[in-house]
Amino acid sequence: GAVVSQHPSRVICKSGTSVKIECRSLDFQATTMFWYRQFPKKSLMLMATSNEGSKATYEQGVEKDKFLINHASLTLSTLTVTSAHPEDSSFYICSAAFDSYGYTFGSGTRLTVV
Amino acid sequence: GIQVEQSPPDLILQEGANSTLRCNFSDSVNNLQWFHQNPWGQLINLFYIPSGTKQNGRLSATTVATERYSLLYISSSQTTDSGVYFCAVPLNQAGTALIFGKGTTLSVSS
Chain A
1 GAVVSQHPSR VICKSGTSVK IECRSLDFQA TTMFWYRQFP KKSLMLMATS
51 NEGSKATYEQ GVEKDKFLIN HASLTLSTLT VTSAHPEDSS FYICSAAFDS
101 YGYTFGSGTR LTVV
Chain B
115 GIQVEQSPPD LILQEGANST LRCNFSDSVN NLQWFHQNPW GQLINLFYIP
165 SGTKQNGRLS ATTVATERYS LLYISSSQTT DSGVYFCAVP LNQAGTALIF
215 GKGTTLSVSS
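From first to last, the protein sequence lines stand for chains A and B.
Counting along the first sequence from 1, when you hit position 43 you're at 43 in our numbering, and nothing is skipped either side.
So our numbering is basically just the index in the second sequence, starting at one, shifted up by 114.
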């Protein structure tokens, strides 16, 4: 139980285009989801907390107009990287808390901007 | 905010060796988790261990909450143990985002 599905697993896009990453909770309702970014050989950096039906909370230094987060239902959160540039290339991971102490993670999306 | 530090950053072992990974955190926590990130990026939850000791096969973990550290023990290491090990604690109360340490990269050779 408590599975989060993340798609796509890998995407290559051209500079200037936008890319949408989906994160779905398959067998539980996730009122809150989290988005992380991971650079090669680095740790996971929290980007934002996604709240169902309300605006996301972004961490300091994360551009909310660059990384648009939508959490329109209890099972789906999306991250859209707008006007992507090569420096946005990274590994993006979503997560959800399925109870007070349990966390589950998506399998990640490797974004390459060319 | 809370700080999480892991050591060592890198560890190279021969198959069959034992190892200890350490995680220090700067404030009291009600949740601490250890993860293994495989070469494909998937995070696998190893332990939820805010205090005490747990064991799962060749892996065990101990958290001393009063002294703000946790240890992950890997015994009789295998090549499949290679990868990055992270500890993580909540940003604040339970249910909030986890904050990750920088990880320990383990390489086990045969």
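All C-beta atoms in this analysis are idealised placements derived from N, C-alpha and C, irrespective of residue type, glycine included.
Note that this is a predicted model, so its numbers are computed, not measured.
Chain B contacts made by the region 35-64 of chain A, where a contact means CB separation under 7 Å: SER43, LEU44, LEU46 and THR49
CB contact check: A:PHE105 to chain B, cutoff 7 Å: Looking up residue 105 of chain A in the first sequence gives position 105. Output row for A:PHE105: interface = yes.
Exposed unless 16 or more other CB atoms sit within 10 angstroms - verdict on B:SER165: The residue labelled residue 165 of chain B in the question sits at position 51 within the second sequence. It is exposed - the Cβ of B:SER165 has fewer than 16 other Cβ atoms within 10 Å.
Rounded C-alpha distance that separates A:GLY53 from A:SER25: Numbered from its first residue, the first sequence carries residue 53 of chain A at position 53. Numbered from its first residue, the first sequence carries residue 25 of chain A at position 25. A:GLY53 and A:SER25: Cα-Cα distance of roughly 16 Å.
For B:ASP141, the three-state DSSP class (helix, strand or coil): Residue mapping note: residue 141 of chain B aligns to position 27 of the second sequence, counting from 1. The answer is coil: DSSP assigns B:ASP141 none of H, G, I, E or B.
Proximal residues of chain B, C-beta to C-beta of A:PHE28 below 8 Å: Here residue 28 of chain A is taken as the residue at index 28 of the first sequence, counted from 1. The premise fails here: A:PHE28 is roughly 13 Å from chain B at the closest Cβ pair, so nothing lies under 8 Å.
Short Cβ contact (7 Å threshold) for A:ILE21 with A:THR109: Position 21 of the first sequence holds residue 21 of chain A. Position 109 of the first sequence holds residue 109 of chain A. Going by C-beta atoms, A:ILE21 is nearer than 7 Å to A:THR109.
Among B:VAL203, B:ILE163 and B:TYR187, nearest to B:ARG136 - alpha-carbon criterion: What you label residue 136 of chain B is simply residue 22 of the second sequence in a count that begins at 1. The residue with the shortest Cα to Cα distance from B:ARG136 is B:TYR187.
7 Å Cβ cutoff met for B:LEU157 and B:TRP148: Translated into the one-based positions of the second sequence, residue 157 of chain B becomes position 43. Translated into the one-based positions of the second sequence, residue 148 of chain B becomes position 34. Their beta carbons are not under 7 Å apart, which means B:LEU157 does not touch B:TRP148 by this criterion.
Minimum Cβ-Cβ distance from A:GLY1 to chain B less than 7 Å: Position 1 of the first sequence holds residue 1 of chain A. Closer than 7 Å: no.
Cβ distance (whole Å) where A:PHE28 is taken to contact A:PHE98 below 8 Å: Walking along the first sequence from the start, residue 28 of chain A turns up at place 28. Walking along the first sequence from the start, residue 98 of chain A turns up at place 98. The pair is a contact, with the Cβ atoms about 5 Å apart (cut-off 8 Å).
Touching by the beta-carbon criterion (3+ pairs, under 8 Å), the region 83-92 of chain A and the region 171-178 of chain B: no
Closer than 7 Å to chain B by CB, A:PHE91: Here the question's residue 91 of chain A lines up with position 91 in the first sequence. At least one chain B Cβ lies under 7 Å of A:PHE91.
Beta-ladder partner(s) of B:GLU119, from DSSP: Residue mapping note: residue 119 of chain B aligns to position 5 of the second sequence, counting from 1. For B:GLU119, which the question treats as bridged, DSSP gives the partners B:ASN138.
Listed by chain order, chain A residues near B:LEU220 by CB distance under 9 Å: Start at 1 with the first residue of the second sequence, and residue 220 of chain B comes out as number 106. Chain A residues near B:LEU220: none, gap ~13 Å exceeds 9 Å.
Coarse secondary structure for A:GLU22, derived from DSSP in three states: In the first sequence, the residue the question calls residue 22 of chain A occupies position 22. Reduced to three states, the DSSP call for A:GLU22 is strand.
Sub-7 Å separation of A:ILE93 and A:TYR58 beta-carbons: On the first sequence, position 93 is the one that residue 93 of chain A refers to. On the first sequence, position 58 is the one that residue 58 of chain A refers to. It is not a contact, given that the beta carbons lie outside the stated cut-off.
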